[in-house]
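Protein chains: 2
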Amino acid sequence: MFAQLTQTYLPELDSTMRRVADRIPVEAPGFGVMIRYALGWVDENDQPFHRPTGKRIRPLLLLLCAEAAGGSWQAALPAAAAVELLHNFSLIHDDIQDNSPTRHKRPTVWKVWGQANAINAGDALFALAYCALEELSGALSPQTFFRIGRIFNATTLELTRGQHLDMRFERQPVVSVDEYISMISGKSAALIAACAEIGALVGCQDEQTAAQYAAFGLNLGIAFQIHDDLLGIWGDPAVTGKSAATDILSRKKSLPVLYGLSQSAELVSLYRRETFNDADVQEAVTILNRLKVFKYTQKQEEKYYRLAVDSLNRASPQGAAAQQLVQLVDSLFKRDY
Amino acid sequence: MFAQLTQTYLPELDSTMRRVADRIPVEAPGFGVMIRYALGWVDENDQPFHRPTGKRIRPLLLLLCAEAAGGSWQAALPAAAAVELLHNFSLIHDDIQDNSPTRHKRPTVWKVWGQANAINAGDALFALAYCALEELSGALSPQTFFRIGRIFNATTLELTRGQHLDMRFERQPVVSVDEYISMISGKSAALIAACAEIGALVGCQDEQTAAQYAAFGLNLGIAFQIHDDLLGIWGDPAVTGKSAATDILSRKKSLPVLYGLSQSAELVSLYRRETFNDADVQEAVTILNRLKVFKYTQKQEEKYYRLAVDSLNRASPQGAAAQQLVQLVDSLFKRDY
Numbered sequence: 000m001f002a003q004l005t006q007t008y009l010p011e012l013d014s015t016m017r018r019v020a021d022r023i024p025v026e027a028p029g030f031g032v033m034i035r036y037a038l039g040w041v042d043e044n045d046q047p048f049h050r051p052t053g054k055r056i057r058p059l060l061l062l063l064c065a066e067a068a069g070g071s072w073q074a075a076l077p078a079a080a081a082v083e084l085l086h087n088f089s090l091i092h093d094d095i096q097d098n099s100p101t102r103h104k105r106p107t108v109w110k111v112w113g114q115a116n117a118i119n120a121g122d123a124l125f126a127l128a129y130c131a132l133e134e135l136s137g138a139l140s141p142q143t144f145f146r147i148g149r150i151f152n153a154t155t156l157e158l159t160r161g162q163h164l165d166m167r168f169e170r171q172p173v174v175s176v177d178e179y180i181s182m183i184s185g186k187s188a189a190l191i192a193a194c195a196e197i198g199a200l201v202g203c204q205d206e207q208t209a210a211q212y213a214a215f216g217l218n219l220g221i222a223f224q225i226h227d228d229l230l231g232i233w234g235d236p237a238v239t240g241k242s243a244a245t246d247i248l249s250r251k252k253s254l255p256v257l258y259g260l261s262q263s264a265e266l267v268s269l270y271r272r273e274t275f276n277d278a279d280v281q282e283a284v285t286i287l288n289r290l291k292v293f294k295y296t297q298k299q300e301e302k303y304y305r306l307a308v309d310s311l312n313r314a315s316p317q318g319a320a321a322q323q324l325v326q327l328v329d330s331l332f333k334r335d336y
Numbered sequence: 000m001f002a003q004l005t006q007t008y009l010p011e012l013d014s015t016m017r018r019v020a021d022r023i024p025v026e027a028p029g030f031g032v033m034i035r036y037a038l039g040w041v042d043e044n045d046q047p048f049h050r051p052t053g054k055r056i057r058p059l060l061l062l063l064c065a066e067a068a069g070g071s072w073q074a075a076l077p078a079a080a081a082v083e084l085l086h087n088f089s090l091i092h093d094d095i096q097d098n099s100p101t102r103h104k105r106p107t108v109w110k111v112w113g114q115a116n117a118i119n120a121g122d123a124l125f126a127l128a129y130c131a132l133e134e135l136s137g138a139l140s141p142q143t144f145f146r147i148g149r150i151f152n153a154t155t156l157e158l159t160r161g162q163h164l165d166m167r168f169e170r171q172p173v174v175s176v177d178e179y180i181s182m183i184s185g186k187s188a189a190l191i192a193a194c195a196e197i198g199a200l201v202g203c204q205d206e207q208t209a210a211q212y213a214a215f216g217l218n219l220g221i222a223f224q225i226h227d228d229l230l231g232i233w234g235d236p237a238v239t240g241k242s243a244a245t246d247i248l249s250r251k252k253s254l255p256v257l258y259g260l261s262q263s264a265e266l267v268s269l270y271r272r273e274t275f276n277d278a279d280v281q282e283a284v285t286i287l288n289r290l291k292v293f294k295y296t297q298k299q300e301e302k303y304y305r306l307a308v309d310s311l312n313r314a315s316p317q318g319a320a321a322q323q324l325v326q327l328v329d330s331l332f333k334r335d336y
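If you read the sequences in order, they're chains A and B.
Heads up, the first sequence is in numbering that gives the first Met the number 0, so the first residue is 0 and it goes up one at a time.
Heads up, the second sequence is in numbering that gives the first Met the number 0, so the first residue is 0 and it goes up one at a time.
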């Protein structure tokens, strides 16, 4: 059923995004290829690329919320394109900021075209996201359209706030759980919340109902990020496609790590080391296991997952889309340890 | 009279921008300082900074066009704040892309806080520009507000297109005059055009009149950039505050240079040298002078300046603001060689 959903939604989403991306003029051909590459449509020589890249989770969520709130997913396509374009803007800039060489098993935009071009390609995707939103204006009341614009603006600001905190935490010796939740609320969950809220607004044009969807999305986003944090340490490399305990090696201040650091002076002194070898990684995992940090983190994930499900129930989603929403949520948490 | 104008408009513009910038939450204090620093309000330690930085030409132009089109400049303040915030977004990213260490006689944002933070600060200013626009929605019909949003989206896309061409031209051996005009239309003139058009729309809500203002702004922006190109080679260092022939030393593909390159094989071979010393700079200027490139460039400037004035006349600007607009335009071209 879920596969059938993506087969229906994704081609339409894709053509909406392509129509918007075509606003990059042909006169600047070397520019458009960076955008098309980032969106997974072409290789670096602008030749069609068929290996799937992003999973388009955010626009799928938005379209399902539009249906579940009583509207049509087709009417929500411009908004779905907008959030996916915005998401890809943030990925391009993130990859520069993190110095990440690969994304979706391909070189990142800055790796192929350099940092200066990648900054500009990200900026163009930001602008294109707003261009996509324009197409919504015909189908909605001005009030609902303004409201969606406001949510979009607040979300982009939240993305930059979260990104700032994430970068700051790298150099900050102690990060509290509250600070961490605030950071991922901006960096990851705000956009998921916006997807759910905007989808619902397109579907029912009712702000109270949409607020329940927003709460669903925000808590879902937090739970999903915490789930990702668990996979970053205890994930099965065969499933995650990353090496084991990758977040320990990169010394990422994920929730398990910052909780462990707050409980163990031994871990703090280990994390002070200039370089980190495989034995250090193993030692860190051993400390975390002894402190039962996996259990602690799983409880946190469960807490936000429950809040998400409760908010969704309060929103009374309707029809087949309601079940598909639950399936989409479940699929996010399916990946095993 | 012009000084009186800035004394009236600028404090109100400033408080509108500050209100919008306050949407950066206090919780992320190290983030807000980058924004306030870029806008010229504080030094890098977040202490008040009183030396004037940007001249706010774009928002002044927008406010004057709103008045000249028959409206009130106060109603246009949110749009004026938006264009100034967008302009500063592009400056922060430009400075990273150009590796420029100083702006307005101060270290650039990336010089103070690093590239990763500067990318993010620019992104936040981009988001804040859209936040500023929100405040317009109450004062205008939904149609006019949508139209302004569309102009703003198209302008941000133009900025990125122009920036792409500018970066590409650095590595492109031959750049035609048409390509150059296309590049500066996006990188510099599109935002000036948007200022004039958006100001006029707020002032009179009439798209035909606003289109005349847009043509005025676009040609003004092109003429102004060409004027700047002249100053970059023949500007009096005492007036420009830059060293003489600075654009030759940096081998910028400005209009005089690319025209000279199209006329002189000698200049082409000079520009092929790995390094460039003072004697080379002098030789390049001598070649340009022999080819009467100053005169050629001045004629181009004059052409676009005339087109701008003609468009403005067709728009029939009204009242004191009409004269002040002419004064503002004159002040842009006052700087001597």
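Glycine included, every Cβ here is placed at the ideal spot set by N, Cα and C.
Cβ-Cβ distance between residue i and residue j below 9 Å
i, j, result
"Arg58/A", "Glu133/A", "Strictly speaking, residue 58/A in this sequence is Pro, with Arg absent from that position. Result no, Cβ atoms of Pro58/A and Glu133/A do not sit closer than 9 Å."
"Ala123/B", "Thr15/B", "no"
"Gln262/B", "Leu290/B", "yes"
"His92/B", "Gly53/B", "no"
"Gly318/A", "Ala67/A", "yes"
"His163/A", "Gly113/B", "no"
"Tyr295/B", "Phe332/B", "no"
"Ala81/B", "Thr159/A", "no"
"Phe151/B", "Tyr129/A", "yes"
"Gln299/B", "Leu254/B", "yes"
"Ala244/B", "Val292/B", "no"
"Ser89/B", "Leu156/B", "no"
"Gln297/B", "Leu229/B", "yes"
"Lys251/A", "Gln171/A", "no"
"Leu60/B", "Thr154/B", "no"
Local conformation of residue i per DSSP, three classes
i, result
"Arg102/B", "strand"
"Ile147/A", "helix"
"Gln322/B", "helix"
"Lys298/A", "helix"
"Gly377/B", "A question about residue 377/B goes unanswered here, because the residues of chain B that appear run from 0 up to 336."
"Ser315/B", "coil"
"Ile91/B", "helix"
"Ile56/A", "helix"
"Asp279/B", "helix"
"Gln142/A", "helix"
"Val82/A", "helix"
"Phe332/A", "coil"
"Glu26/A", "coil"
Among the options, the one whose alpha carbon lies nearest that of residue i
i, options, result
"Leu62/B", "Val201/B, Asp246/B and Asn152/B", "Val201/B"
"Gly69/B", "Ala209/B, Lys291/B and Arg250/B", "Ala209/B"
"Met166/A", "Ala320/B, Ala79/B, Ala319/B and Ile118/B", "Ile118/B"
"Ala23/B", "Lys110/B, Gly121/B, Ser71/B and Glu66/B", "For the sequence presented, residue 23/B should be read as Ile rather than Ala. Taking only the C-alpha atoms, the option nearest Ile23/B is Gly121/B."
"Ala320/B", "Ala65/B, Phe215/B and Ala195/B", "Ala65/B"
"Asp94/B", "Ser140/B, Ala37/B and Leu135/B", "Ala37/B"
"Ala307/A", "Asn87/A, Ala2/A, Ala213/A and Pro106/A", "Ala213/A"
"Trp233/B", "Gly185/B, Ala314/B and Leu248/B", "Leu248/B"
"Ala314/B", "Ala195/B, Pro255/B, Val328/B and Gln224/B", "Ala195/B"
"Val176/A", "Leu12/A, Arg250/A, Arg50/A and Leu260/A", "Leu260/A"
"Glu169/B", "Ser136/A, Ala115/A, Phe215/A and Ile180/A", "Ala115/A"
"Val111/B", "Glu178/B, Gly148/B and Glu43/B", "Glu43/B"
"Ile225/A", "Gln204/A, Leu327/A and Met182/A", "Met182/A"
"Val328/B", "Ile56/B, Val280/B and Leu287/B", "Ile56/B"
"Ala193/A", "Arg35/A, Gln211/A and Tyr179/A", "Gln211/A"
"Val256/A", "Pro236/A, Tyr179/A and Ala188/A", "Tyr179/A"
Start-to-end residues for the alpha helix (DSSP H) that takes in residue i
i, result
"Arg272/B", "Careful: Arg272/B lies outside any alpha helix (DSSP H) and carries neither H nor E."
"Leu290/A", "Where Leu290/A is concerned, there is no enclosing alpha helix (DSSP H), given that its DSSP letter is neither H nor E."
"Glu206/B", "Glu206 to Trp233"
"Gln262/A", "Leu254 to Gln262"
"Glu196/B", "Ala189 to Cys203"
"Val111/B", "Val108 to Trp112"
"Asp177/B", "Val176 to Ile183"
"Asp21/A", "That residue, Asp21/A, is in no alpha helix (DSSP H); it is neither H nor E in DSSP."
"Asp246/A", "Thr245 to Leu248"
For residue i: DSSP bridge partner residues
i, result
"Val41/A", "Pro47/A"
Check: residue i C-beta below 8 Å from any heavy atom of the ligand ZN
i, result
"Ala68/B", "Judged by which ligands are present, the structure shown has none, so any question about the ligand ZN falls away."
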